[in-house]
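**Q** Pasting a structure below so you can have a look.
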Amino acid sequence: MSIIHNPPTLWLTINLSNTNDPIVKVLAGCEIDLNDFKAHMGPNKSARAINTAKDPYATAKYFHITINLILEELFGIKVTGYMGAVEAQGRGTLHLHMLLWLVGAPTPSEMKDLLQQEEFHEKITAFIKANVTAHVDGLCEAKLQCGVKTREEKKFCKKIASPYSRPLDPRKPDFDALLKTAEYCFAQQCHIHTCSQACLKVG
Numbered sequence: 001m002s003i004i005h006n007p008p009t010l011w012l013t014i015n016l017s018n019t020n021d022p023i024v025k026v027l028a029g030c031e032i033d034l035n036d037f038k039a040h041m042g043p044n045k046s047a048r049a050i051n052t053a054k055d056p057y058a059t060a061k062y063f064h065i066t067i068n069l070i071l072e073e074l075f076g077i078k079v080t081g082y083m084g085a086v087e088a089q090g091r092g093t094l095h096l097h098m099l100l101w102l103v104g105a106p107t108p109s110e111m112k113d114l115l116q117q118e119e120f121h122e123k124i125t126a127f128i129k130a131n132v133t134a135h136v137d138g139l140c141e142a143k144l145q146c147g148v149k150t151r152e153e154k155k156f157c158k159k160i161a162s163p164y165s166r167p168l169d170p171r172k173p174d175f176d177a178l179l180k181t182a183e184y185c186f187a188q189q190c191h192i193h194t195c196s197q198a199c200l201k202v203g
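Numbering (UniProt numbering), first residue to last: 1 to 203.
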């Protein structure tokens, strides 16, 4: 592939949280109304894991459907070629490693020339700012120490940060504001790390 299409454009890994997604339970035959979904009414973490393990076909079908949707609808990727390897991990569920050759991607020599152009630098900078971030607005050390304060924040964070939950509806008029709050809640509850001795390499 690299001889025909030059080196690949993207390397990506997609690892789905299938033990927590209610769609898996629907595919496994559970009676769940996804239009009136209540996360607190669902099975607990252990029961979800057991139900998922009992129906590997539903889990594999969910994986296939979701991977296709991510590549085609979310990313809108058009490729000249691809190579993917589906692997099972420790808990027996699937994840995907993939190399992609994107349509219209510059060759290495073209990329070398583009990197000399200021306009191209500005495009790359704009892309990174729009898609990659290492912080969440409003989330600082002081805020972490105080935690979520208002009743509305607590209620929303409990709902949105639950692993057994549905994503926000982008059709809602206040979607942008809800998304900002959801981003804050996820970062605070799922992506805060405090180093311990186990994190430090000795020797």
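Note that CB positions come from ideal geometry on N, CA and C, so glycine has one too.
Thinking just about the alpha-carbon of each residue, which of His97, Asp33 and Asp21 is nearest to the one in Lys61?
**A** Out of His97, Asp33 and Asp21, Asp21 has the C-alpha closest to the C-alpha of Lys61.
**Q** So what does DSSP say about Val103, is it helix, strand or coil?
**A** If DSSP states are grouped into helix, strand and coil, Val103 belongs with coil.
**Q** Taking 8 Å as the threshold (C-beta atoms), are Val132 and Glu183 in contact?
**A** Result no, Cβ atoms of Glu183 and Val132 do not sit closer than 8 Å.
**Q** Quick one: complete alpha helix (DSSP H) runs, 4+ long, within the stretch 4-34?
**A** 22-27, all fully within the stretch 4-34.
**Q** In the DSSP output, what is Val79 paired with across the bridge?
**A** According to DSSP, Val79 bridges with Leu102.
**Q** Does the ligand NAD have even one heavy atom less than 7 Å from the beta-carbon of Tyr57?
**A** By its list of ligands, the structure shown contains no ligand whatsoever, and the ligand NAD lies outside what it can speak to.
**Q** Using only the alpha-carbon positions, how far apart do Tyr82 and Leu100 sit?
**A** Roughly 5 Å separates the two Cα atoms.
**Q** Out of Gly76, Ile23 and Leu179, which one is the CA nearest neighbour of Ile65?
**A** When only C-alpha atoms are compared, the closest one is Ile23.
**Q** Is it buried or exposed for Thr125, if we count other Cβ within 10 angstroms and need 16 for buried?
**A** Under this definition Thr125 is an exposed residue.
**Q** Measuring only the C-alpha atoms, how far is Leu179 from Ile14?
**A** For Leu179 and Ile14, the distance between alpha carbons rounds to 22 Å.
**Q** If you draw a straight line from the alpha carbon of residue 213 to that of Gly29, how long is it in whole angstroms?
**A** The chain is shown from 1 up to 203; residue 213 falls before or after that span and cannot be answered.
**Q** From Thr107 to Met1, what does the alpha carbon distance come to, in whole angstroms?
**A** Between Thr107 and Met1, the C-alpha separation is close to 13 Å.
**Q** Go to Ile65, then tell me how far its alpha helix (DSSP H) extends in each direction, as first and last residue.
**A** Counting along the chain, the alpha helix (DSSP H) containing Ile65 begins and ends at Pro56 to Leu69.
**Q** How about Leu94 and Phe120: are their beta carbons less than 8 Å apart?
**A** No, these two residues do not count as a Cβ contact at 8 Å.
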